[in-house]
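**Q** Taking full-length UniProt numbering as reference, the numbering of the sequence shown is continuous, increasing by one, and the terminal residue is 323. We put the CB at the ideal spot given by N, CA and C, even for glycine. Quick caveat, the model's predicted, so the values are computed rather than measured.
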Amino acid sequence: SPAVPPIPGLKDTPYWTSTEALVSETIPKRLAVIGSSVVALELAQAFARLGAKVTILARSTLFFREDPAIGEAVTAAFRMEGIEVREHTQASQVAYINGEGDGEFVLTTAHGELRADKLLVATGRAPNTRKLALDATGVTLTPQGAIVIDPGMRTSVEHIYAAGDCTDQPQFVYVAAAAGTRAAINMTGGDAALNLTAMPAVVFTDPQVATVGYSEAEAHHDGIKTDSRTLTLDNVPRALANFDTRGFIKLVVEEGSGRLIGVQAVAPEAGELIQTAALAIRNRMTVQELADQLFPYLTMVEGLKLAAQTFNKDVKQLSCCAG
Numbered sequence: 001s002p003a004v005p006p007i008p009g010l011k012d013t014p015y016w017t018s019t020e021a022l023v024s025e026t027i028p029k030r031l032a033v034i035g036s037s038v039v040a041l042e043l044a045q046a047f048a049r050l051g052a053k054v055t056i057l058a059r060s061t062l063f064f065r066e067d068p069a070i071g072e073a074v075t076a077a078f079r080m081e082g083i084e085v086r087e088h089t090q091a092s093q094v095a096y097i098n099g100e101g102d103g104e105f106v107l108t109t110a111h112g113e114l115r116a117d118k119l120l121v122a123t124g125r126a127p128n129t130r131k132l133a134l135d136a137t138g139v140t141l142t143p144q145g146a147i148v149i150d151p152g153m154r155t156s157v158e159h160i161y162a163a164g165d166c167t168d169q170p171q172f173v174y175v176a177a178a179a180g181t182r183a184a185i186n187m188t189g190g191d192a193a194l195n196l197t198a199m200p201a202v203v204f205t206d207p208q209v210a211t212v213g214y215s216e217a218e219a220h221h222d223g224i225k226t227d228s229r230t231l232t233l234d235n236v237p238r239a240l241a242n243f244d245t246r247g248f249i250k251l252v253v254e255e256g257s258g259r260l261i262g263v264q265a266v267a268p269e270a271g272e273l274i275q276t277a278a279l280a281i282r283n284r285m286t287v288q289e290l291a292d293q294l295f296p297y298l299t300m301v302e303g304l305k306l307a308a309q310t311f312n313k314d315v316k317q318l319s320c321c322a323g
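#1: How do the region 247 to 267 and the region 285 to 293 stand: do at least 3 beta-carbon pairs fall below 8 Å, yes or no?
#2: Provide the residue span of the alpha helix (DSSP H) that contains R79, from first to last.
#3: Quick one, which of L62, F248, S1 and K316 has its alpha-carbon nearest A42's?
#4: Name, in chain order, the residues that DSSP records as bridge partners for Q264.
#5: Given a cut-off of 8 Å on the beta-carbon distance, is the pair P207 and P296 in contact?
#6: Can the beta-carbon of P200 be found less than 8 Å from the beta-carbon of A278?
#7: Could you tell me which of R65, I249, I97 and V39 sits nearest to L306, measuring between CA atoms?
#8: Which of the three DSSP states, helix, strand or coil, is assigned to V173?
#9: Under the DSSP definition of a beta bridge, which residues are partnered with K29?
#10: From this set, D292, R246 and V148, which residue's C-alpha is nearest A270's C-alpha?
#11: Looking at the secondary structure, which residues open and close the beta strand (DSSP E) in which Q93 lies?
#12: Where DSSP assigns a beta bridge to V15, which residues make up the other side?
#13: Could you tell me if R238 is buried or exposed, where buried requires 16 or more neighbouring beta carbons within 10 angstroms of its beta carbon?
#14: Starting from G303, trace the alpha helix (DSSP H) both ways and give me its first and last residue.
#15: Among residues of its own chain, excluding the 5 on either side of I27, which ones have a beta-carbon nearer than 8 Å to its beta-carbon?
#16: F47 lies in the beta strand (DSSP E); which residues open and close that run?
#17: Under a three-way DSSP split, which group does L120 fall into?
#18: Kindly indicate which three-state DSSP category T109 falls into: helix, strand or coil?
#19: Touching or not, the region 14 to 22 and the region 59 to 79, by the rule of three or more beta carbon pairs under 8 Å?
#20: So T230 is in the beta strand (DSSP E); what residue range does that whole segment cover?
#21: If contact is defined by three or more beta carbon pairs under 8 Å, each pair taking one atom from either stretch, is the region 74 to 82 in contact with the region 102 to 114?
#22: Tell me, please, which residues DSSP counts as bridged to K53.
#23: Where DSSP assigns a beta bridge to P237, which residues make up the other side?
#24: What does T286 pair with, by DSSP beta-bridge criteria?
#25: Start and end of the alpha helix (DSSP H) containing E218?
#26: For the pair the region 110 to 124 and the region 132 to 139, tell me if three or more CB-CB distances fall below 8 Å.
#27: Compare the C-alpha of T205 against each of V33, Q45 and L294 and name the closest.
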């Protein structure tokens, strides 16, 4: 279910969650968005492109859990479209004023009031586990109520399995489907595990955000020394042909071995290249092995090869399709 923050006054207002936003038959003139979740950003941009004046209140920065360059790139793209992004801003109180016809939301922040015709609250989703009486079974939950499982979908109680968004795994439909399959195998005597070390993820903003594997910060947290390169899209022929060079492709490698361990991409079609990166990571390819592969010219995925080549070449000096 949508997670709703305990902001004074909020529960007494007709705010939207993603459910109401997606079935609305009208576009508000002014839309305030509390939250910087994936859903918050995708819907914020959609409503902005449909004509709403959108303001996002982000407790931190956009994509604050990812490489900082991702949030910076998406924030810049949003602001270019007229979306107001207020970073490090929270609503301390929400009121709804009924007027003639439609009412008005009034959000109080440390930087003054924000008024809007509609308010979308999209701060994430919470597992629906409270009514399952799991405390009586001994099943371990996170503080947020998610069921803790191992790679075989087993809970802390040997004969109880769980899969999907009610668990502490990433909330993606393809992860839930894969987890459900493995849970079924294991509870009927099989032995299957779900390895999420090379799980690709895509956010469908424009430009899209696609990630797989380690960010540099995550690698350093796990004691892995890294090297990295970032290729801006003005070096990718497909992006130049599209007249849209917003974004970048960043490769993170393990220092010494040169093994690719992470990729972050911001690009109009970043989702179309990330699975190739996932396969490279899954197969423990080095960045040099990736650079040596044949990639079709004038495709966005060619950007992976070019990014890999930047570890030992200046790609600006290469001719077309240089191997």
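**A** Taking the definition as stated:
#1: yes
#2: P68 to M80
#3: The amino acid at residue 42 is misidentified as Ala; the sequence shows Glu. The shortest C-alpha separation from E42 is found at L62.
#4: T211 and K250
#5: no
#6: yes
#7: I249
#8: helix
#9: DSSP lists no partner for K29.
#10: R246
#11: A91 to I97
#12: According to the sequence as given, residue 15 is Tyr; it is not Val. DSSP, once it has assigned bridges, lists no residue as partnering Y15.
#13: buried
#14: E302 to Q309
#15: F47, L50, G51 and A52
#16: Note, F47: premise wrong, no beta strand (DSSP E); alpha helix (DSSP H) at V38 to R49.
#17: strand
#18: strand
#19: no
#20: T226 to T232
#21: no
#22: R30
#23: P237 is not bridged to any residue.
#24: R259
#25: E216 to H221
#26: no
#27: Q45
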